[in-house]
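Per this note's numbering, the sequence shown runs over residues 860 to 1366.
Glycine included, every Cβ here is placed at the ideal spot set by N, Cα and C.
Please read all numbers here as calculations on a predicted model, not as lab measurements.
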Amino acid sequence: MPVDTPDWLASAQRAVRSAALGPRSEHRGRVEEIGDGVAMISGLRDVRLDEVLRFEGGQFGFARVLDPDLIGCVFIDAATKVESGDAVFGTGEVVSVPVGDALLGRIVDPLGRPLDGKAAIEVEERWPIERPAPSIIERDLVTEPVQTGILVMDTLFALGRGQRELIVGDHSTGKTTLATDAMIAQRDSDMICVYVAVGQKTSSVRRAVDALQAHGNFARCIVMVAGSASAPGLQWIAPYAGVTMAEYFRDRGGHALVVIDDLSKHAATHREIALLTRQSPGREAYPGDVFYIHARLLERAAKLSQERGGGSLTALPIAETDAGNLSAYIPTNLISITDGQIVLDTDLFHQGQKPAVDVGLSVSRVGGKTQAPVLREAAGTLRLDYAQFLELEVFTRFGGMPEGRVREQLKRGERIRAILRQPQNAPLRLADEVALLLAVQSGLLDPLSLDAVAAFRDKLPENLDRDAADAMRAISETGELDQEARAALMAAMNRLATQLGDAEPAT
Ligand SMILES: Nc1ncnc2c1ncn2[C@@H]1O[C@H](COP(=O)(O)OP(=O)(O)OP(=O)(O)O)[C@@H](O)[C@H]1O
Ligand SMILES: [Mg+2]
């Protein structure tokens, strides 16, 4: 008597019948050696550079070195369970990260996995971490300013959209603070900010995130963290992944600012991987391609042409020096790759001159042309006056009481230095900066004591909002300073200066 075949059996039989039999090719290699965060693999002949490899235990890595008989693979996560002799498979894909608006306001690792304890990130697209830099015809000149809100940067070393500016200085000289302040200033602008922390202490990442959350517009920021305890592979891909996430906005005609904190640590990770995979060491034991890996990363920052949508990607990479030595290998490389550098100085920092920008060694090789015209006009001869003052100060340090013009120059210089100081997390608006420059250049601050100048600087924004609101609005809307606005600003500042002068008589 025929028996009805149950459904499950019928479907299993169908699956067996339709299964493709016959030979199937599979690329399979073998782990020969394991190092700290790396593995050497044999037998995978047709793997590409940066291809993701899958280990038999489910771990992942990517190919960094392709030698004829051995492949150097870097683990993406800590891979404690991989052993010599394990099987490895090529996946045919390169490392990619999620991109899109869903990343805004999130803290993620270099593969886009959330680190902030919130929901998984849902995106439609994944882009490879290595993408070609825009070619010459796809680019436009850097002409629009980035308002960093840091007076010394905006007046003396202006930053343009699409520019790459290195922040370089010794340990604990305010590098991270300078970069996060520039990100905080974008709370009123159309720029998206991406902060990439590579090899940083968790405590300093925490401080940066807290500052951004408390003072900036965190909903328009992405924070990517590969801390000092992360696998070398994760730290290695972080800057590329961060730039890819920022490029998503650039390629849609938007504007993005990416801070990479810092590339010295990234270079050290690169050296570690290179030595473990037995590449030949060169100067300071870095492998020969350390210049190239940073150049190809930073070349992706660009101002795109109108045909490509006119978007921009500005990069603020950070590098750490040792005892102020700018001619060490990595700082010189980065200085030659970027379009300028802001050098921070330990002595200035300890004297209380914060941000501790060394104006003699810092330079912006593009930004001057992009500076907002109103700022350039208000600054007038500030740069020259300040440079002359710094020279004079050295000469007169041991020489008794200077007279006449020299005395005036010293007095003015000290006041310029005082207004260039700025507390952290308090970026200035364009109109505040214009007003401060007007005040110092018109000689209004000359009769005040230095303490009174500091008080003037701190109280100015709120006073201007109250006493010269129309002028402030006009400057921020039109980007120009007409006679009427100038008069209103000067009147408000005169009042403030008189108040402070009475409270603390000039010395
Ligand atoms: N403009 C400023 N005003 C007051 N304090 C500041 C200013 N800039 C930095 N600091 C303080 O100086 C200290 C060091 O700053 P920061 O962490 O930014 O330096 P860093 O160069 O990034 O250090 P590291 O080498 O550890 O990365 C911090 O405690 C910070 O609060
Ligand atoms: Mg730092």
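Here residue 1006 is not near residue 1355, since their CB atoms are 9 Å or more apart.
Annotation: residue 1171 is outside any alpha helix (DSSP H); the continuous beta strand (DSSP E) that includes it extends over 1171–1179. Counting along the chain, the unbroken beta strand (DSSP E) around residue 911 starts and ends at 910–914. Relative to ligand 2, residue 1034 has its C-beta within less than 8 Å of a heavy atom. With contacts defined as CB atoms closer than 9 Å, residue 963 and residue 1081 qualify as a contacting pair. For residue 1017, there is no enclosing beta strand (DSSP E), as DSSP gives it neither H nor E. Inter-segment contact for the stretch 1196–1204 and the stretch 1023–1030 is present: three or more beta-carbon pairs are separated by less than 8 Å.
Residues of the same chain with a CB within less than 7 Å of the CB of residue 1247, apart from the 5 flanking positions on each side, are 1268 in chain order.
Not a single heavy atom of ligand 2 lies less than 8 Å from the C-beta of residue 1089. With three or more CB-CB distances shorter than 8 Å, the stretch 1124–1131 counts as touching the stretch 1091–1100. Taking a 10 Å sphere around the C-beta of residue 1257, we find fewer than 16 other C-beta atoms and assign the residue as exposed. Beta-carbon to beta-carbon, residue 1229 and residue 997 are separated by about 19 Å, too far to satisfy the 8 Å threshold. With contacts defined by Cβ atoms closer than 9 Å, residue 920 and residue 946 do not form a contacting pair. Residue state for residue 1262 is assigned as coil, using DSSP reduced to three classes. Looking at the backbone, the Cα of residue 981 and that of residue 1114 are separated by about 22 Å.
Judged by the Cβ position, residue 1030 qualifies as a neighbour of ligand 1 at the 8 Å threshold, a heavy atom of the ligand being closer than this. Residue 898 is bridged by DSSP to 893, 932. The alpha carbon of residue 1271 has as its nearest neighbour, out of 1210, 1243, 1197, the alpha carbon of 1243. Contact between residue 911 and residue 923 does not hold, since the beta-carbon distance rounds to 12 Å and is not under 8 Å. For residue 1073, the enclosing alpha helix (DSSP H) stretches over residues 1061–1074. In the displayed model, residue 1023 falls within a strand according to three-state DSSP.
Distance from residue 1010 to residue 1278 at the Cβ level is roughly 7 Å; contact confirmed, criterion being Cβ atoms closer than 8 Å.
Contact annotation: residue 1070 and residue 1283 have beta-carbon atoms nearer than 9 Å. With fewer than 16 other Cβ atoms inside 10 Å of its own Cβ, residue 1182 counts as exposed.
Bridge partners of residue 1145 according to DSSP: none are assigned. For the 9 Å CB-CB criterion, residue 1303 and residue 1352 form a contact. In this structure, DSSP gives residue 1223 an extended state, which the three-state scheme calls strand. Under the DSSP assignment, residue 921 falls in the beta strand (DSSP E) whose first and last residues are 919–925.
Secondary structure of residue 1268 (DSSP, three-state): helix. Bounds of the alpha helix (DSSP H) holding residue 1101 are 1091–1109.
Residue environment: residue 1057 is assigned as buried (16 or more neighbouring CB atoms within 10 Å of its CB, all protein chains considered). By the beta-carbon neighbour count (other beta carbons within 10 angstroms, threshold 16), residue 1215 is buried.
Excluding residues up to 5 positions away in sequence, 1086, 1087 lie with their Cβ nearer than 8 Å to the Cβ of residue 1060 in the same chain. For residue 950, the secondary structure class from DSSP, reduced to helix, strand or coil, is strand. Counting only the Cα atoms, residue 1300 lies some 53 Å from residue 954.
Contact annotation: the stretch 935–949 does not touch the stretch 978–992, with fewer than three C-beta pairs closer than 8 Å.
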